[in-house]
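The sequence shown: position 115 = 283 (the numbering used here), numbered continuously. For glycine and all other residues, C-beta sits at the position ideal for the given N, C-alpha and C. I have placed the structure first, in the form of C-alpha cells, so that the comments after it can refer back to it.
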Amino acid sequence: MRFRHVMIAVALGALSVRLSSAEELPVSVEIIVRGPETNGLRSILRDESHLARNANATSLGEAQRLADADKTRFERLLISRGFYTPAITVEIVPGEKSYRAHFDVATGAKFKVTTHAIAYADVGASNRPATAAATGASLDESANGIDVQSIEDDLLKRMQAQGYPSARALGRRAYVQEGSTNARIVYVVESGPLTNFGPLVWRGADFVDTDYLGRFLTWQEGEIFNLDKVGALRDELADTGLFTRVDAAPGAIGADARAPVIVDLKERKRHTIAAGISYSTNLGFGVHAN
Numbered sequence: 169m170r171f172r173h174v175m176i177a178v179a180l181g182a183l184s185v186r187l188s189s190a191e192e193l194p195v196s197v198e199i200i201v202r203g204p205e206t207n208g209l210r211s212i213l214r215d216e217s218h219l220a221r222n223a224n225a226t227s228l229g230e231a232q233r234l235a236d237a238d239k240t241r242f243e244r245l246l247i248s249r250g251f252y253t254p255a256i257t258v259e260i261v262p263g264e265k266s267y268r269a270h271f272d273v274a275t276g277a278k279f280k281v282t283t284h285a286i287a288y289a290d291v292g293a294s295n296r297p298a299t300a301a302a303t304g305a306s307l308d309e310s311a312n313g314i315d316v317q318s319i320e321d322d323l324l325k326r327m328q329a330q331g332y333p334s335a336r337a338l339g340r341r342a343y344v345q346e347g348s349t350n351a352r353i354v355y356v357v358e359s360g361p362l363t364n365f366g367p368l369v370w371r372g373a374d375f376v377d378t379d380y381l382g383r384f385l386t387w388q389e390g391e392i393f394n395l396d397k398v399g400a401l402r403d404e405l406a407d408t409g410l411f412t413r414v415d416a417a418p419g420a421i422g423a424d425a426r427a428p429v430i431v432d433l434k435e436r437k438r439h440t441i442a443a444g445i446s447y448s449t450n451l452g453f454g455v456h457a458n
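In C-alpha cells, the structure reads:
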C-alpha cells in the first residue's frame with residue numbers, strides 16, 4: 169500500500185498576482201469554490217478572509233499581503249476539514265474604481281482518517297504508545313480538523329497522566345493513500361523520559377502547616393508520574409481558602425527518572441486566615457498556632 173505524504177502545516181508557495189496599476193483603490197473579494205461537498209464552504213472561507221473584513225483597504229501592497237495571508241488561511245482551513253490536497257490560485261484584477269481579489273479554490277477529494285499514529289522525535293522507552301488509541305484517547309474518524317486537534321490534546325493529556333509529564337506536540341502529518349480517500353494522521357510527539365514522582369517541595373508556606381497540606385496528596389513518592397494528580401492537588405489547595413495563589417508543577421527530571429513536584433504558594437494575610445480559618449473534617453486545621 170502506497171501513501172503520499174502531505175504536510176498538515178503546509179509551506180505555501182509565493183502568491184502569484186497580476187498587477188497593472190499602482191493606484192490606491194478599495195478591494196472587493198470574489199471566492200469561487202470547486203470540489204465535493206462545497207455547500208457552505210464559500211461563506212466559511214469568506215468569514216476567514218481578512219480581505220473581506222478589510223474591504224476598505226486602499227493600499228495595493230496591503231491588499232497583496234492580505235491576499236497572501238488569506239491563501240495560507242484558506243489552505244489550512246481546508247486541510248483541517250479533511251481536504252488534504254487543495255489547490256488555490258488568486259489573482260488581483262484592477263478595475264476603474266476598485267481592485268478585485270479573485271480566489272479560485274479547488275478543494276480536491278475529502279479524505280477519511282483510518283489511522284492515528286504517533287511518531288516520537290526523541291529517544292525513549294520502547295513501550296511508549298504507538299497510536300493515539302493506545303493512550304486511551306477518544307478518536308473521531310470523521311477527520312474534521314477540530315476533532316483532530318482534540319485527539320492530539322487528549323493523547324498528550326493521557327500521556328502526561330501515564331508517566332510522561334513533559335510530553336508535548338511538535339506537529340502533525342497526513343499521509344493519503346493513492347487511488348483512495350483514506351488518510352493516516354501521524355502526531356509528532358516529544359515524550360521525554362518515563363518519570364516517577366519525586367519529593368514534594370513547598371514554597372511560600374510560612375504560616376500554613378505543610379504537614380496539613382501534605383494530607384491532600386493522592387500519590388506516593390516513586391509512583392509513575394501523573395500530571396492530573398498534580399492538577400488535583402492544586403485545586404484542593406486553592407479550595408482551602410488559605411492562599412491567594414497556588415501553582416503546582418513538575419520540576420526538572422533527575423538522573424533517577426524522578427521529578428519533584430514544586431508547589432508555589434502565596435498565603436493570605438494572617439488576619440484574613442484567622443478570620444476565616446480553613447478546617448476539614450478529615451484533615452483538621454491547616455495553620456500554625458501563634
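- Between residue 412 and residue 338, the alpha-carbon positions lie close to 34 Å from each other.
- Straight-line spacing of the CA atoms in residue 365 and residue 414 works out to 19 Å.
- Taking 8 Å as the cut-off, the beta carbon of residue 410 is found no closer than this to the beta carbon of residue 372.
- Looking at 375, 418, 321 and 250, the one whose alpha-carbon comes closest to that of residue 356 is 321.
- For a cut-off of 8 Å, the C-beta gap from residue 235 to residue 260 is around 6 Å, short enough to register as a contact.
- Beta-carbon to beta-carbon, residue 201 and residue 210 are separated by about 5 Å, close enough to satisfy the 8 Å threshold.
- Per the coordinates, the alpha-carbon of residue 289 lies some 16 Å from the alpha-carbon of residue 328.
- Bridge partners of residue 212 according to DSSP: none are assigned.
- Taking all protein chains in view, the Cβ of residue 388 is surrounded by fewer than 16 other Cβ atoms within 10 Å, so the residue is classified as exposed.
- Here DSSP, grouped into helix, strand and coil, assigns residue 413 to strand.
- Between residue 280 and residue 258 the beta-carbon gap is near 29 Å, outside 8 Å, which marks them as no contact.
- Short of 6 Å from the beta carbon of residue 323, and not among the five residues preceding or following it, lie these beta carbons of its own chain, in chain order: 300, 303 and 305.
- Excluding the 5 residues flanking it on each side, residue 246 has same chain C-beta neighbours closer than 7 Å at 254 and 275, in chain order.
- For residue 289, no alpha helix (DSSP H) encloses it, and the DSSP letter there is neither H nor E.
- Membership of residue 357 in the beta strand (DSSP E) is indicated by the continuous run 350-358.
- Linking residue 425 to residue 293 through their CA atoms gives a straight-line distance of about 12 Å.
- Shortest Cα-Cα distance from residue 317 to any of 213, 420, 284 and 297 involves 284.
- The closest CA to that of residue 370, considering only 325, 213 and 435, is found on 435.
- If you draw a 10 Å sphere on the C-beta of residue 217, you find 16 or more other C-beta atoms in it, and that means buried.
- For residue 200, DSSP records a beta bridge to 272.
- Residue pairing by DSSP places residue 365 opposite 427 in a beta bridge.
- DSSP places residue 402 within a helical segment (H, G or I) once states are collapsed to three.
- The DSSP-derived three-state label of residue 345 is strand.
- Take the alpha-carbon of residue 221 and the one of residue 250: they are about 26 Å apart.
- For residue 332, DSSP assigns no beta-bridge partner whatsoever.
- Just measuring C-alpha positions, the residue of 396, 393, 367 and 334 sitting nearest residue 382 is 367.
- Non-local beta-carbon contacts of residue 241 in its own chain, meaning distances under 8 Å to residues more than five positions away in sequence, involve 216, 217 and 218 in chain order.
- In this model, residue 271 and residue 213 are separated by some 10 Å (Cα to Cα).
- Between residue 345 and residue 286, the alpha-carbon positions lie close to 18 Å from each other.
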